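If you want this note's numbering, it's the 1-based position in the sequence shown plus 387.
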Amino acid sequence: MEILGSFLELGKIILAPIIEYYNHYRGADEHLKNLKRKRDDLECKKSDIELEMRTELVPGKKPKREVKSWLQKVETINEEIPKIEQEAIRGKYLSRMHFGRVACEKILEVTELIDQSCGFGDCLVIGPPVRNGDELPTRALVGESTAKRTLEKIWEHLLDEDFRIIGVYGMGGIGKTTVMKEINNCLLKERDEFNCVIWVTVSKAFNVIKLQNDIACHLNLENELSKFKDETTRAGTLYAELKKRKRYVLILDDMWKAFPLEIVGIPEPTSANGCKLVLTTRDVNVCNGMNCVNIKMELLSIKESWDLFLKTVGCDVSNIPKDVVEGVVKECAHLPLAIITVAGSLKNVVDISEWRNTLNELKTPVKGLEHVDVVFQKLQLSYKRLNDKKLQRRLLFCALYPEDYEIYRDNLIVHLIDEGVIKSMSKRQAMLDKGHTMLNKLENACLLEGGSHDEFIEKQYFVKMHDLIRDMALQIAGPKFMVSEDVPDEEEWGKDVERVSLLSNRESEFPYISPKCPKLSTLLLQGYATIPNSFFVHLHGLKVLHVFGGRIKSLPNSISDLENLTSLRIYRCFDLKRVPSLAKLTALRSLDLLESATKEIPHGLEKLINLRYLSLRAYNQEMPPGILPKLSQLQVLKLNCGSNSLTVNGEEIVRLKKLDFFKGKFCGLNDFNTYLESLEGGPSHYVYCARKTKPASELGETVKLLPKDVQALAIFGGQNLRFFYKCMKSVCIRECEEIEDVFSYSFTFPLQCLEIVQLVKLDKLLLFVLGVLLNLANLEQITVFRCLQLEEIIARPKASDEVDEEEAKEIVEIFPRLRRLTLVISPELNTICSSSNVILCDSLDSIEIEECPKLKRLPLSLHRINGQLSSPPSSLQIKIEKERWELLEWDNHDMKMVLEPCCEFLF
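Okay, structure coming up:
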């Protein structure tokens, strides 16, 4: 029996495949028919999904990855099935058996794809996350009762279903914006009440297009909206997107004019959509025009005014007679802005005479001010207290820029050098330092507000004028200033006007006018595609001409006759290809054409012997011999750098003895070395660009070592990095293909002065070495961008393998002054440093980690106070993908909890 059983089992094993093959052979036709039916079912499902996906693919959204993968698989199997059918028609017995089996397998694949399509959920696409809003920086509320009482009233109205549009009004400088910023931040924390908050600053020059753009920016709709120029079409697009949103709060700050919501595209707030609109304005008529429920912002009480004044003045006033201090506070009329401004002007002043003089000046009325006379009288005191005509002129110049305009400090300083407010000095840097010092004084006096933007390489600092102070400045300037977005009619150009600002936010046509303004010395233009030749015919006194933006393609020939012109600057005019002859403009001290599309060297450049500042864009040529030596007064020379850009002769650059800043491209390495050899006590900032043509060894040339007092160095495309010196403060290394590590040979000395390290597109960079980085005690900024092979930023040197276990376990705090850490697109990066190294958060302001999928550990540390982790710096902001944050490993899990509120998650 056992033998028989064995034979039966053997028979089953032998017969099983035969039976399977027979079934495939016999059922091949039926299998193919089933496969066709399944394919048709799959094709119907595919058509339905594609139709649904086209409906959902609104701008800013894209198909889910699983959906894209599914569609690709369907395409593949749709290509395979006809081939199986064709082969089956031509097949014989054995191949018939094969196709029967293949058909069965494909039926299973198709069935699986149909089943997968049922698991996509309700939505086939994904889009960028909806912004809940932005937390806004704000100072503590002024007034424990008045300001907070207003805030609480606004909050109650927001939560009350009966109020949909809320208007907050009050005089300029009373604190409306401060209170609304606090409301904005509170709304972001109360997610149960509203889904998102949209903050837009409207300002005096109301513009539908700008307001639409500002709102669209918060909705990730700016690209879609930019396709349309017609206001009505744009309003419809914006309306459709806002209508999808539910329970949002739209805050329109600083409105000066009522408008119908529909012309912008803002849906009417209703109980059905759960939306609210809050606006701030100085004019209650704006609130009435918008059908608001009105909330008035009250002045501070006597006690609140007193407390705010003492807090701002920042010194002990016990030696100042009380009646004098109280009199100063009283003259500020309970207005927060006036109190802050006047107290700022008395900051740390202990001389009783100055206090008495201040009180007397406050009591002296200022003539000629209308509408907000009381406020202007108080604000003008700070202007008068500057006691420096140049500082006062600088403040007035800021009023030439539009309301709420962020004026970059460097650009403003250059403007004031051109105006002569900052006197010419032998060193350009000394002039810039003077400019920054003056700006700091204006900020410290609360006449300007400072700020910054985080750019990729470094922060960009700007100043802004409070709109009330700007109004005051324009009142002081009177008819000498003309500021407008539109070009006034010719008869409106007064004979006494000295400075004109026509900075339009939209592209406009310039009228054919020829104003006669013999005193006009400064002209700022923006947003014009053409400027008629007639415009400059009678403006022979013009000294400063700055043209911003717009699609202007050429400057009029009449500019050639402006013989008193000392500054001609072109900013962001990337369509401007033609500049008329400059031969007669021998008074020019500043010429800036770098941000234009010019390709040729301007005619008459060799005549401009008084130039101190020259910035040019030209291509496919060498600077004609003999021009540069004639420009012997040059302190700054900036030329565009590129593969076909203008080149210069090293010997001619050497002859420019006053040159303080040079950016440009030499004809060859010999010219570069000639320049370097001449630099004793010369520039301390260098950019070294090595083109990827032939190696220096093949050319028989080598790069000389830079002077040892170099402070800043940027290397583009080089291979030899023997440029580092102890006094260096900034190093940027970019697109150097052969570099595998940085600073490895500088182990022999500490780079104690180094503050900034930027590494960009170093494809072979593998790591830093710990021993080197521990020498960087003053390092403030590390930027690593697109270093594709970098695995570890800080590694122990190979020699450290021999250290004992106790030393290896010792926790080492690195980069005690680090402010900014940026790690972007480094796909192999798995760790910043070993577990024995930590970065204290004490000085950190910014951490940005993006597209580093293998990063496992963020080595941050906080001090402990009574056993508890201290709070991170209030300024700390961490930008990182949410998924990456959740996957990070922490030495202490409490650290993650403490730092998470600082995160701005990137999705």
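Just so you know, even glycine gets a beta-carbon here, dropped at the ideal spot from N, CA and C.
Quick caveat, the model's predicted, so the values are computed rather than measured.
Do the CB positions of residue i and residue j come within less than 8 Å of each other?
i       : j       : result
Leu1316 : Trp586  : The structure shown does not extend to residue 1316, since the chain is modelled only from 388 through 1294, so no value can be given for it.
Val966  : Leu998  : no
Thr953  : Arg938  : no
Ser1248 : Val1225 : yes
Arg634  : Cys662  : yes
Ala490  : Leu575  : no
Lys455  : Thr525  : no
Leu980  : Arg1004 : yes
Glu1039 : Val931  : no
Arg1204 : Ser1233 : no
Lys971  : Glu950  : yes
Leu612  : Leu629  : no
Lys1050 : Thr1034 : no
Gln696  : Val711  : This sequence places Phe at residue 696; Gln is not what is there. Against a cut-off of 8 Å, the Cβ pair of Val711 and Phe696 comes out as no contact.
Cys1174 : Leu1149 : yes
Going by other Cβ atoms of all chains shown within 10 Å of its Cβ, with 16 needed for buried, is residue i buried or exposed?
i       : result
Pro656  : buried
Gln1255 : exposed
Gln767  : buried
Met1284 : exposed
Gln1145 : buried
Arg1078 : Confidence in Arg1078 is poor, its pLDDT being 49 and thus under 50, which makes the residue's placement too unreliable to answer from.
Glu577  : exposed
Asp1188 : Bear in mind that the predicted position of Asp1188 carries a pLDDT of just 47, short of 50, making it unreliable; the figure below should be weighed with that in mind. Exposed is the call here.
Val737  : exposed
Ile996  : exposed
Ser1084 : The predicted position of Ser1084 is uncertain, since its pLDDT is 45 and thus under 50; a value taken from the coordinates is nonetheless stated next. Ser1084 comes out exposed.
Gln332  : Nothing about residue 332 can be read from this structure; the chain reaches only from 388 to 1294.
Pro989  : buried
Ser983  : buried
His411  : Its pLDDT being 49, under 50, His411 is placed unreliably in this model, and the coordinates cannot settle the point.
His1280 : exposed
Pro654  : buried
Glu718  : buried
Residue i to residue j, Cα distance in whole Å?
i       : j       : result
Gln503  : Glu1167 : 51 Å
Trp1277 : Arg1244 : 6 Å
Asp640  : Glu872  : 21 Å
Ser921  : Glu896  : 14 Å
Glu618  : Arg796  : 34 Å
Ile1265 : Glu1235 : 6 Å
His1250 : Ile553  : 45 Å
Lys906  : Ser888  : 15 Å
Lys986  : Gly506  : 58 Å
Leu1275 : Ser1213 : 16 Å
Trp542  : Asn681  : 13 Å
Leu829  : Arg1207 : 28 Å
Lys810  : Tyr899  : 36 Å
His840  : Lys432  : 50 Å
Glu793  : Thr728  : 20 Å
Val884  : Pro789  : 18 Å
Val1147 : Tyr915  : 37 Å
Ser590  : Lys776  : 30 Å
Thr909  : Ser1019 : 26 Å
Lys683  : Phe763  : 21 Å
Going by DSSP, which residues form a beta bridge with residue i?
i       : result
Val665  : Ile553, Ile638
Glu1009 : Thr1034
Tyr915  : Ser895
Gly837  : Val850
Leu1245 : DSSP, once it has assigned bridges, lists no residue as partnering Leu1245.
Arg956  : His933, Asp979
Is the number of C-beta pairs between the region 854–869 and the region 811–827 that are closer than 8 Å three or more? At 8 Å Cβ cutoff, the stretches do not touch.
Any chance the region 1019–1036 sits against the region 1000–1011, with 3 or more Cβ pairs inside 8 Å? yes
Would you be able to state if there are at least three C-beta pairs under 8 Å between the region 593–607 and the region 880–894? yes
When the Cβ atoms of the region 921–931 are set against those of the region 765–782, are three or more pairs found closer than 8 Å? Touching, no.
Taking contact to mean at least 3 C-beta pairs separated by less than 8 Å, is the region 668–682 in contact with the region 693–704? Contact between the region 668–682 and the region 693–704 is not established, with fewer than three Cβ pairs separated by less than 8 Å.
Is the region 713–727 in contact with the region 555–563, if contact means three or more CB pairs nearer than 8 Å? yes
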